[in-house]
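Colleague: Here it is: the structure, laid out below.
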Amino acid sequence: QQQVKQSPQSLIVQKGGISIINCAYENTAFDYFPWYQQFPGKGPALLIAIRPDVSEKKEGRFTISFNKSAKQFSLHIMDSQPGDSATYFCAAKLNRDDKIIFGKGTRLHILP
Amino acid sequence: DGGITQSPKYLFRKEGQNVTLSCEQNLNHDAMYWYRQDPGQGLRLIYYSQIVNDFQKGDIAEGYSVSREKKESFPLTVTSAQKNPTAFYLCASRGQGWNSPLHFGNGTRLTVT
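Heads up: the protein sequence lines correspond to chains A and B, in order.
Sequential numbering from 1420 applies to the first sequence in the numbering used here.
Sequential numbering from 46 applies to the second sequence in the numbering used here.
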């Protein structure tokens, strides 16, 4: 099954709090799991990515946690800021292919 | 500046007409993609191309057609067979390497009435 299920659909977090977005997949043929950030009227841009043999990757305030056995991965945004308000998409790439599929997105709003 | 150019930003068509969306890249990327974005639906893959003169259907290819005659260009035609063509269309390209990211254009919003 080539799907990536993302939750929640929307999220409101206080400034300074932790934002957590979750994704799950079924196909074990995925070999790359990126997260993209999209602002209104713009195309998405890569935020952070992880490969399945790594359990965690951190870049600044953004961390991906990856649980291969559970087929789940999540994005954590520490010390969330109003400028982080955007739509976030998880994605997955098929091994030995260029096909990349996306979750349905999470609209994040950080309260000032 | 290297990047993806989609034109026009807004496009209006009457029902029953075919319309072609432009996508050009100067990143020298082999792979190019078309996604459709609808509220609450995320990004759904229409077509992708890994090399010139070759392309594969994505998950929602019905009612769409593409061509890849040049490495830099990957135009998408929305045909009259597409039942719900009004949407935000995003083009992207990707370099070589399993972990190369997608580079997106800023999209074309198509409205069909």
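Glycine residues also receive a C-beta, built at the ideal position from the N, C-alpha and C atoms.
Here the structure is a predicted model, which is why all the values come from computation and not from measurement.
Going along chain B, which residues have a C-beta under 8 Å from A/Lys1368?
Modeller: The structure shown does not extend to residue 1368 of chain A, since chain A spans only 1420 to 1531, so no value can be given for it.
Colleague: Can you list, in chain order, the residues of its chain whose CB lies under 7 Å from that of B/Tyr55, leaving out five sequence neighbours each side?
Modeller: Here the set comprises Arg154.
Colleague: List the residues of chain A that B/Trp143 touches, going by C-beta distances under 9 Å, in chain order.
Modeller: The answer, in chain order, is Asp1450, Tyr1451, Arg1470, Lys1512, Asn1514, Arg1515.
Colleague: Any Cβ of chain A within less than 8 Å of the Cβ of B/Phe149?
Modeller: At least one chain A Cβ lies under 8 Å of B/Phe149.
Colleague: So, do the region 1494-1514 of chain A and the region 1467-1485 of chain A have three or more beta carbon pairs nearer to each other than 8 Å?
Modeller: Taking 8 Å as the limit for Cβ pairs, the verdict is that the region 1467-1485 of chain A does touch the region 1494-1514 of chain A.
Colleague: Counting only beta-carbon atoms, is B/Pro146 nearer than 8 Å to chain A?
Modeller: Judged by the 8 Å Cβ criterion, B/Pro146 is in contact with chain A.
Colleague: Taking just the CA atoms, how far does B/Asn151 sit from B/Gln76?
Modeller: This sequence places Ala at residue 76 of chain B; Gln is not what is there. Straight-line Cα distance between these residues: approximately 18 Å.
Colleague: Just tell me which of B/Ala132, B/His74, B/Arg139, B/Gln70 has its CA closest to the CA of B/Tyr109.
Modeller: Checked all of B/Ala132, B/His74, B/Arg139, B/Gln70; the closest Cα to B/Tyr109 is B/Ala132.
Colleague: For B/Gly87, would you say it is in contact with chain C, using Cβ-to-Cβ distances shorter than 8 Å as the test?
Modeller: Note that chain C does not occur in the displayed structure, where the protein chains are A and B.
Colleague: Considering only C-alpha positions, which residue in the set B/Pro120, B/Asp99, B/Lys128, B/Gly103 is nearest to B/Leu88?
Modeller: Cα-wise, what sits closest to B/Leu88 is B/Gly103.
Colleague: Within 10 Å of its beta-carbon, does A/Gly1462 have 16 or more other beta-carbons around it, so buried, or fewer, so exposed?
Modeller: Per the 10 Å Cβ criterion, buried.
Colleague: Determine, for A/Pro1463, whether the minimum Cβ-Cβ distance to residues of chain B falls below 8 Å.
Modeller: Yes, A/Pro1463 counts as interfacial toward chain B.
Colleague: Check the Cβ-Cβ distances between A/Lys1523 and every residue of chain B, and say whether any is below 8 Å.
Modeller: Yes, A/Lys1523 lies at the interface with chain B (some Cβ there is under 8 Å from its Cβ).
Colleague: Return helix, strand or coil for A/Pro1501, following the three-state DSSP convention.
Modeller: Here A/Pro1501 sits in helix by DSSP.
Colleague: If you scan the region 86-126 of chain B from start to end, which runs of the beta strand (DSSP E) of 3 or more residues do you find wholly inside it?
Modeller: Fully enclosed beta strand (DSSP E) runs of 3 or longer: 87-96, 99-102, 109-111, 121-123.
Colleague: With DSSP run on the structure shown, which of helix, strand or coil describes B/His74?
Modeller: In this structure, B/His74 counts as coil in the three-state DSSP scheme.
Colleague: Give a yes or no on whether 8 Å exceeds the smallest Cβ distance from A/Phe1508 to chain B.
Modeller: Judged by the 8 Å Cβ criterion, A/Phe1508 is in contact with chain B.
Colleague: Any idea if B/Gly79 is buried or exposed, counting beta-carbon neighbours within 10 angstroms, 16 or more meaning buried?
Modeller: In the sequence as presented, Gly is not what sits at residue 79 of chain B; that position holds Trp. Buried.
Colleague: If you follow the beta strand (DSSP E) that B/Arg139 is part of, which residue opens it and which one closes it?
Modeller: Note, B/Arg139: beta strand (DSSP E), 132-139.
Colleague: Over what stretch of residues does the beta strand (DSSP E) that includes B/Thr153 continue unbroken?
Modeller: Here the beta strand (DSSP E) through B/Thr153 covers 153-157.
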